[in-house]
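Sequence lines, in order, name chains A and B.
For what it's worth, our numbering labels the leading residue of the first sequence as 72, then goes sequentially.
For what it's worth, our numbering labels the leading residue of the second sequence as 114, then goes sequentially.
Using N, Cα and C, we set each Cβ at its ideal position, and we do this for glycine too.
Just so you know, these numbers come straight off a predicted model, no measurement behind them.
Worksheet for the structure shown next.
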Amino acid sequence: DAKTTQPPSMDCAEGRAANLPCNHSTISGNEYVYWYRQIHSQGPQYIIHGLKNNETNEMASLIITEDRKSSTLILPHATLRDTAVYYCIVYTGNQFYFGTGTSLTVIP
Amino acid sequence: EAGVAQSPRYKIIEKRQSVAFWCNPISGHATLYWYQQILGQGPKLLIQFQNNGVVDDSQLPKDRFSAERLKGVDSTLKIQPAKLEDSAVYLCASSLWRKETQYFGPGTRLLVL
């Protein structure tokens, strides 16, 4: 059962930052927030994860609110190849529960 | 580093036939997962292995689905007999250990007619 809520779709202009929100109001203290994306006809691709602190890697940044009830994935300079379904997952340590994700379309 | 390998990539069968999917995880990864992804939905875990032992198969329809990982490396998922509602993408993932980041293969797309 998905423990996250995401908007079904979003658009972003190429070259601009894409900010993808996720609500996880029932998250527990030791549960991680993971983000994956799935480009059409491919398997999900790991992007980033975090527990309490904000995280950044070569792909994206993850901003987690202080109360941990929501987070935002930031793609700093979106390209057409970032068009995909983005999944926000609360990892219980037992299994990943994927929701239906956000379909991000990057527009030229 | 090679990723998770799966074969075949596509399979079309008729209902009541059997089918098998193969997965080779990333080298050294002890944990292996099989997911089912129905069109328009997120992946759903079917079974999780730790080395060659089953950790969680609570969502595996055991009357028709079976999976094994005999030597703790590659794995096979079988459906026998297939139903129309089994049409989906079957994804394999692996992680270094339990509770670690999972890495997914490209999936096998199954169509049951």
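For residue i, return the contacting residues in chain B, with the cut-off set at a CB-CB distance below 7 Å.
i: A/Tyr-158; result: Gly-155
Name, please, each residue of chain A whose Cβ falls closer than 8 Å to the Cβ of residue i.
i: B/Asp-169; result: Asn-165, Gln-166
i: B/Gln-161; result: Gln-166
i: B/Leu-145; result: Within chain A, no residue comes near B/Leu-145; the closest Cβ sits about 13 Å away, beyond 8 Å.
i: B/Leu-197; result: By Cβ distance, chain A contributes nothing, its closest Cβ being about 21 Å from B/Leu-197, past 8 Å.
Which whole-angstrom value is the C-beta distance of residue i and residue j, which I expect to be below 8 Å?
i: B/Ser-131; j: B/Lys-191; result: 7 Å
i: B/Ile-160; j: B/Ala-201; result: Contact flag wrong, Cβ pair sits at about 15 Å.
i: B/Gly-185; j: B/Ala-118; result: Not really, about 16 Å apart at Cβ, beyond 8 Å.
Find the residues of chain B that neighbour residue i, judging by a C-beta separation of less than 8 Å, and give them in chain order.
i: A/Thr-171; result: Gly-153, Gln-154, Gly-155
Where does the unbroken beta strand (DSSP E) through residue i begin, and where does it stop?
i: A/Tyr-168; result: Note, A/Tyr-168: premise wrong, no beta strand (DSSP E); not H, not E.
i: A/Ile-119; result: 116-121
i: A/Ile-178; result: 173-178
i: A/Ser-212; result: In the structure as shown, chain A starts at 72 and stops at 179, and residue 212 of chain A therefore has no counterpart that could be examined.
i: B/Trp-147; result: 144-150
Name the chain A residues that come within less than 9 Å of residue i, Cβ to Cβ?
i: B/Leu-204; result: Gly-114, Pro-115
Query raised in the report: Can we say the region 95-113 of chain A touches the region 139-150 of chain A, given the rule of at least three CB pairs closer than 8 Å?
Result: yes
**Report entry** Under 9 Å (Cβ pairs) to chain B, residues found in the region 112-141 of chain A
**Finding:** Listed by position, the residues of the region 112-141 of chain A near chain B (Cβ gap below 9 Å) are Ser-112, Gln-113, Gly-114, Pro-115, Gln-116, Tyr-117, His-120.
Query raised in the report: Do three or more CB pairs link the region 142-153 of chain B to the region 121-131 of chain B at distances below 8 Å?
Result: no
Query raised in the report: For the region 206-223 of chain B, which residues have a beta carbon sitting closer than 7 Å to at least one beta carbon of chain A?
Result: Lys-212, Thr-214, Gln-215, Tyr-216, Phe-217, Gly-218, Pro-219, Gly-220
Requested in this report: Could you tell me whether the region 109-124 of chain A touches the region 78-90 of chain A, where touching means 3 or more Cβ pairs closer than 8 Å?
Outcome: no
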